[in-house]
Amino acid sequence: MDILLLILLLVFSAAAVFAKDILKSALSLAVASIFLAILFFRMNAPYAGVFEISVVAGLITVLFVSTIALTGTGAELKERKWTILVFPLFFIIVLILDYILIKKLTGTITNISNVIPGVGAQGLFADVLWKERTFDLIGQISIIFAGVFTVLALFRKEK
Amino acid sequence: MTDSILFNIGTVLLLISLGIYCLLTMKNLIKLFIGIEIISKGLSLGLITAGKYNSNLLIAQSLTVTFIVVEVCVVAVALALIIAVYKHTKSLDIGSLSKLKG
Numbered sequence: 021m022d023i024l025l026l027i028l029l030l031v032f033s034a035a036a037v038f039a040k041d042i043l044k045s046a047l048s049l050a051v052a053s054i055f056l057a058i059l060f061f062r063m064n065a066p067y068a069g070v071f072e073i074s075v076v077a078g079l080i081t082v083l084f085v086s087t088i089a090l091t092g093t094g095a096e097l098k099e100r101k102w103t104i105l106v107f108p109l110f111f112i113i114v115l116i117l118d119y120i121l122i123k124k125l126t127g128t129i130t131n132i133s134n135v136i137p138g139v140g141a142q143g144l145f146a147d148v149l150w151k152e153r154t155f156d157l158i159g160q161i162s163i164i165f166a167g168v169f170t171v172l173a174l175f176r177k178e179k
Numbered sequence: 420m421t422d423s424i425l426f427n428i429g430t431v432l433l434l435i436s437l438g439i440y441c442l443l444t445m446k447n448l449i450k451l452f453i454g455i456e457i458i459s460k461g462l463s464l465g466l467i468t469a470g471k472y473n474s475n476l477l478i479a480q481s482l483t484v485t486f487i488v489v490e491v492c493v494v495a496v497a498l499a500l501i502i503a504v505y506k507h508t509k510s511l512d513i514g515s516l517s518k519l520k521g
């Protein structure tokens, strides 16, 4: 089941890259996000899954679609043809490298999974987020403000 | 259990390489940004996988949530920049930005 989800995630990501219509690309990206969120739920990470569905599959897709609506689909812009022809070759090379790396990792991963559980092993998600990662929250808030002010500066009307 | 982590790591690598391929070959600015999004999907899958198999899932989740928030801000700013570029050059071609040099 997990392997099927991983394959679907890869297929929809590839569709997002190679779809000719850019709106279809954005929607495939959203579908890939949904499969990633299902994977998160299956790996016992519900909070990350909820964020992935609501923010990445929802908000980012809305941002992409509104940008496409504002700029046009870029249909006059033709992608180079060789990119699709070269891709299988590239993919096979990466797949072989991937296989070699994973074969090397096969012995070591079992050792990692026997490691002593750390701070985040048990307890509540909120406790870990608020008590252990407080500085991350400060960073998040400052980044949100930075983003808002940058967007405001970019869309400012000149008088 | 070990098989599943290996498949996850393999998918992370494939997603990141797919995103890099998109960044290297595409011309449309929005397509390039979709490539960055695919890389970030691979990274968040990698974070959760590492957290699960290190038995530190809660920290991995909080890092992923932070990562997603940062990602949204980056997307918002980058798409605003793309709209500004489109207003300026009337095209989404990355090649049209080469006129900015000098």
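Residue numbers (our numbering), protein chains in the order written: chain A, 21 to 179; chain B, 420 to 521. All C-beta atoms, glycine included, are put in the ideal place defined by N, C-alpha and C.
Do residue 156 of chain A and residue 485 of chain B count as a contact pair if the criterion is CB distance below 7 Å?
If you check the CB distance, residue 485 of chain B and residue 156 of chain A come in under 7 Å.
- Who are the near neighbours of residue 181 of chain A in its chain, counting only those whose CB is closer than 7 Å to its CB and skipping five residues on each side? Examination of residue 181 of chain A is not possible in this model, given that chain A is present from 21 through 179 alone.
Take the Cβ of residue 91 of chain A as the centre, count every other Cβ of all protein chains shown within 10 Å, and call the residue buried at 16 or more, exposed below. buried
- Query: So, helix, strand or coil for residue 447 of chain B, using DSSP?
  - Reply: strand
(message) Please identify, using Cβ separations under 7 Å, the residues of the region 491 to 509 of chain B that lie next to chain A, in order along the chain.
(response) Hits within the stretch, in order: 491, 492, 494, 495, 496, 498, 499, 500, 501, 502, 503, 505.
Next item on the list: Label residue 476 of chain B either buried or exposed according to how many other C-beta atoms from any shown protein chain fall within 10 Å of its C-beta, with 16 as the threshold for buried.
Entry: Here residue 476 of chain B is buried, its C-beta having at least 16 other C-beta atoms within 10 Å.
Closer than 7 Å, CB to CB, is residue 145 of chain A near chain B or not? yes
Check: DSSP on residue 41 of chain A, reduced to helix/strand/coil?
Finding: Three-state result, residue 41 of chain A: coil.
| query | What do you get for residue 176 of chain A, buried or exposed, if any count of 16 or more other CB atoms within 10 angstroms of its CB means buried? | reply | exposed
*If you follow the alpha helix (DSSP H) that residue 213 of chain A is part of, which residue opens it and which one closes it?*
Since the first residue shown for chain A is 21 and the last is 179, residue 213 of chain A is missing from the structure and cannot be characterised.
> What does residue 512 of chain B pair with, by DSSP beta-bridge criteria?
Replying inline: B/447
Query raised in the report: Between residue 459 of chain B and the rest of its own chain, which residues show a CB-CB distance below 6 Å, the 5 nearest in sequence each way excluded?
Result: 490
Q) If the cut is a Cβ gap below 7 Å, which residues of chain A does residue 436 of chain B touch? A) Simply 114.
> Which one of A/81, A/113, A/68, A/151 has the shortest CA to CA distance from residue 453 of chain B?
Replying inline: A/81
Worksheet entry | Same chain only: Cβ atoms within 7 Å of residue 497 of chain B, ignoring 5 sequence neighbours per side | 452
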